[in-house]
Structure formats: structure tokens, C-alpha cells
Amino acid sequence: MGIDGSDRRTILLLDSPLPGTSLRPSRIYPLSTISSDGKRLAVSAFLGDGKTEHAPWGLLVFDLENASVELVLHGPTWCNMHAQYCRSPDAEAGRDILVQENHDSVCSPTGDIVQLVGGAGADVHVIRDDGTNLRTMPWGRDGVEFCQGHQCWRGRSARAITSTHEAGPPPVQRLMEAAPVPEAGHLGRRSPGSVRNDLTRQFPQPGFCHFGTDIEGRRLVSDCAPFELGGRLFLAELPAGREDPVGKFTYLLNPRCSGRKESHIHPFLSPDGSAAFFNSDEGGVHRAYMVRGW
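Here our numbering is used: position 268 in the sequence shown is 268, and no number is missing along the way.
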């Protein structure tokens, strides 16, 4: 439909099994993603029948021009996929989708998540939106570093950033940038050919969690611990070099958020990087806020 709500049209109605399968999607993931050319939409969903143990979840890619859908990835470990299309205008790079795999997750036959992740933790992959060329982001899975489950592309580039957790002491939560490497057995950080950049290595005791960049990948906004005291919001100018850390983090404010899961600060930047948006339940009511003027 139009941005004013007019001219609402149905592109596709999916009321039968997915093409070439006996699987029907349900419990549609609350986040979808659109390719940079506007031609495709991807979203994940539960594919169980309500009775089968260890039923799969899958990634559905909708062709918006031809009103068709394809199941490009599925299995029981894809229950929290966080799918994100690369924002690059390049025809090939723009077909890549960032996806999260929750190893050792356990779900009920109806799709309720009993255990979100286990063992060496989740890892993050990149897959072409036709289901080919699965690659790995070199993060986590080594028994020391764990993916928190929050990641995004750096602007329009083919590089991505994640937040990681190390138990410590003291515990630290870093922001790690990397490019995808060939999949070699879900090795995460230990994947051959990995080149990583710890953006936060000059920050004292980093406690970063949710974050986002502007469209050019020059600025980043992130929340930061201590979350039990309302959290902190920082702005960073991202380095041009692929081996350089962030030289300066600018403290913006304390969002005064309760820290409850349903009240994540979860900041993001406007495309031009001039304004930051975040959530807070300050005063007991959930609201969205904007900050600018730095």
C-alpha cells in the first residue's frame, strides 16, 4: 500500500503447503527484511504440524514482482533467525541474508521454545536468497566467546557487526566486525580464513548489547551496561580501516530503562546518522525516544 495507507493490495495468499514441500508455515517471526532493490522479502516461520518432535523452522523468500515464495533454508536449529538482507546496491551482494542459527535449541511440537540455545552457543551465517552459498561469520563457538544474538550489516557494506559475550571475570560484551568466510563445520571464531576487528578493544570493560549503524556505515549507536542502573547510550564514529578500533565513544545519555527483556533499549540510527532512536519504560510506560544534536 502507499505510505499514506491508500491503494492496499494483496500480493500473495499462502494457504497451502510451501511449493515442493508438505510444510505449512505458522508462528511467523515478528521481523521481516526486504532486499535493497525492493524485489524480495524474507521472513522465517515455524514449519511443524503441532505433533512432530524437533520440527523445523524455515526461511521463506517472497518474490514480490512475481508473487511467489520459496523455502530456502530449514531445520530445527533455525528458531530465532533474525534474518537481515544486505543493504548493498550491488546486484550480487544485495542477494545475501544474514541469519542466526541456535544450536542445541529445543522446541515443543507446537513451536514453543523450551531452550533457546545450548552447548557452544549460536553462530551467524550468510546465505544467498536462493538457498545457495552458505557462509559463516567468524564469531563465537570456541567455548570462550559466545554470540549474544544481536548483529547487523555495517551500512551498505558486505561486512557485519555482532555483540559477543565472554564470561570473564570480569564479563565483557564486545562489538566485533568481520566479513563472512566459507562454512567449515560451524566453527565460528575458529573458521579458517577469519579476519576479525574488535571495535571496542580500547573501551574499558565493554558491556555492549544492541546497536545499529547509519546507511553509510560511518556511525554506530549502541546501548551499554550497567543495564540494572538504566543503561547507557553511546555514539561511535566507525573507523575507515578494517583493523582499527573505534577511537572515541561519545556518551549520549542514560535511557533510564528497567532492563526487563520486554524493555530492551535497542537503539538504531536514522539512515543519515543525524538522529538516534531508542526504547525506554521510564516512568512505567513503554515509549520510543529520539536524541540528536551531538
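Even glycine gets a Cβ: it sits at the ideal position worked out from N, Cα and C.
- DSSP, read as helix, strand or coil, puts Ala-93 in helix.
- Runs of the beta strand (DSSP E) spanning 3 or more residues and lying entirely within the stretch 201-232 occur at 208-213, 219-224, in chain order.
- Glu-65 carries a coil assignment under DSSP once its states are collapsed to helix, strand and coil.
- Contact check for Gly-168 against Ile-215 fails: the beta carbons are separated by 7 Å or more.
- Taking 3 residues as the minimum length, the beta strand (DSSP E) runs contained wholly in the stretch 158-187 are 160-166, 172-178, in order along the chain.
- Nearest C-alpha to Thr-21 among Thr-33, Asp-104, Leu-73: Leu-73.
- One alpha carbon belongs to Gln-173, the other to Asn-102, and they sit about 19 Å apart.
- Membership of Met-1 in any beta strand (DSSP E) is not indicated, and neither H nor E is assigned to it by DSSP.
- Residue state for Ser-263 is assigned as helix, using DSSP reduced to three classes.
- If you check the CB distance, Leu-235 and Trp-294 come in under 7 Å.
- Counting only the Cα atoms, Cys-224 lies some 15 Å from Phe-277.
- Residue state for Arg-9 is assigned as coil, using DSSP reduced to three classes.
- When Ser-36, Thr-10, Asp-49 are compared, the shortest CA-CA separation from Pro-17 is found for Asp-49.
- By the C-beta criterion, the stretch 144-162 is judged not to be in contact with the stretch 62-77, since fewer than 3 inter-stretch pairs fall below 8 Å.
- The closest CA to that of His-186, considering only Gly-119, Glu-237, Gly-2, is found on Gly-119.
- The beta carbons of Ala-178 and Arg-159 sit about 7 Å from each other, so the pair counts as a contact at 8 Å.
- Only exposed fits Ala-67, as fewer than 16 other CB atoms lie within 10 angstroms of its CB.
- Of the residues Phe-203, Glu-166, Pro-204, Phe-211, the one whose Cα lies closest to the Cα of Arg-189 is Glu-166.
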